[in-house]
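Read left to right, the sequence shown gives residues 1 to 285 (full-length UniProt numbering).
Comments concern the structure below.
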Amino acid sequence: MGIGRNLSERKGRELRELREETNTTTNKSRKNRRHRLRKMSPGQRLFQTCNEVFASTGPGIVPSPQHIEMLLSVLGEIKQEDLDLRPDMPYFSTKTPRRTPKITYLHIYKCEQFSMGIFCLPPSGVIPLHNHPGMTVFSKLLFGTMHIKSYDWAVDFSPHMSPMVKPSEIASQTSDIRLAKVKVDAEFNGPCDPSILYPADGGNMHWFTAVTACAVLDVLGPPYSDPDGRHCTYYQNFPFSNYSVDGISIPEEERKTYEWLQEMDEPENLQVVGKMYEGPKIVEN
């Protein structure tokens with residue numbers, strides 16, 4: 001019995017030492033990583049962090065909470081000057097005020113795991129209501145005032161209640177209308193904290209309306225891919241009172257937080273011009 005106790009104590013001591021050694025190695029690794037990132041430009045730091053965060057994710061797979069915090073922290077530190085952006089650049093002005101202004105997308109980087117880019121919106125520029133299928137999306141309003149409205153599909157109904165109707169009274173519309181819940185409907189002033197939306201939560205469907213010239217830094221994981229079935233789908237919205245469904249009853253005071261969304265073709269007046277990002281260079285390792 002004495003031998004057994006001594007052996008148990010020795011094994012326990014060895015296990016504690018191993019844990020301490022592992023914790024020390026992990027802490028050193030984290031410190032070294034933070035030190036390497038601090039020496040990089042903000043854009044390069046974002047690229048390296050995205051490489052790490054999205055390395056083991058995929059469609060519908062959300063990064064770990066630790067990775068999410070890591071990426072939000074890096075995004076939170078980025079400023080417009082870090083990316084060589086100014087509100088007086090041509091991207092943010094319009095020559096024909098009566099027309100819907102065109103939007104410029106500055107492509108920074110794209111691979112199978114993630115994409116990085118900047119949307120440049122002149123005043124009154126609109127990115128219509130659209131979705132992000134299977135994606136985790138990080139965004140930061142770098143400057144400007146923007147109205148953002150976002151939705152998630154309504155899921156707070158019992159299984160026999162199908163939140164789907166067909167607008168038979170509108171003959172030209174044949175696709176289903178689906179009930180969605182408004183998550184955000186407000187104006188934001190940049191720079192502000194980065195936001196995150198998830199594949200099925202957090203406002204996966206949203207639209208942007210520029211009150212003033214705006215720049216939005218976007219990170220998608222994974223990016224859109226038509227061959228893989230990740231299409232960008234556009235929607236039009238209708239008040240909850242427009243339609244009714246048997247079995248769905250929402251209290252009067254909550255009805256403003258629900259709307260019907262219907263798929264639509266890409267709006268004809270939407271003009272998005274793609275250009276390569278010309279700011280500080282991103283180096284792929």
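Every residue gets a Cβ at the ideal spot worked out from N, C-alpha and C, and that includes glycine.
Original post:
How about Ala210 and Pro122: are their beta carbons less than 8 Å apart?
Top reply: yes
Original post:
Mind checking whether Thr212 and Gly144 have CB atoms under 8 Å apart?
Top reply: yes
Subject >> Boundaries of the beta strand (DSSP E) in which Ile103 is found, first to last residue >> reply: 103-110
**OP:** On a CA-only basis, which of Ala154, Phe114, Gly76 is nearest Gln63? Give me that one, please.
**Re:** Here the sequence assigns Pro to residue 63, which means Gln is not the residue at that position. When only C-alpha atoms are compared, the closest one is Phe114.
Original post:
Can you check whether the CB of Pro59 is closer than 8 Å to the CB of Gly134?
Top reply: yes
Original post:
Going straight from the alpha carbon of Leu261 to that of Ala154, what length do you get?
Top reply: 11 Å
Original post:
Between Val182, Asp82, Gln48, Glu112, which lies nearest to Asp228 when the distance is taken from Cα to Cα?
Top reply: Glu112
**OP:** Rank Met264, Tyr109, Ser241 by C-alpha distance to the C-alpha of Glu253 and give the top, closest one.
**Re:** Ser241
Original post:
For Leu197 versus His132, is the C-beta spacing smaller than 8 Å?
Top reply: yes
Original post:
Along the chain, which unbroken stretches of the beta strand (DSSP E) at least 3 residues long are found entirely within the stretch 253-285?
Top reply: 258-264, 272-276
Subject >> Three-state secondary structure assigned by DSSP to Thr145 >> reply: strand
Original post:
What did DSSP end up calling Ser73 once you bin it into helix, strand or coil?
Top reply: helix
Original post:
So who's on the other strand from Pro239, going by DSSP bridges?
Top reply: Glu259
Original post:
DSSP three-state call for Asn204: helix, strand or coil?
Top reply: coil
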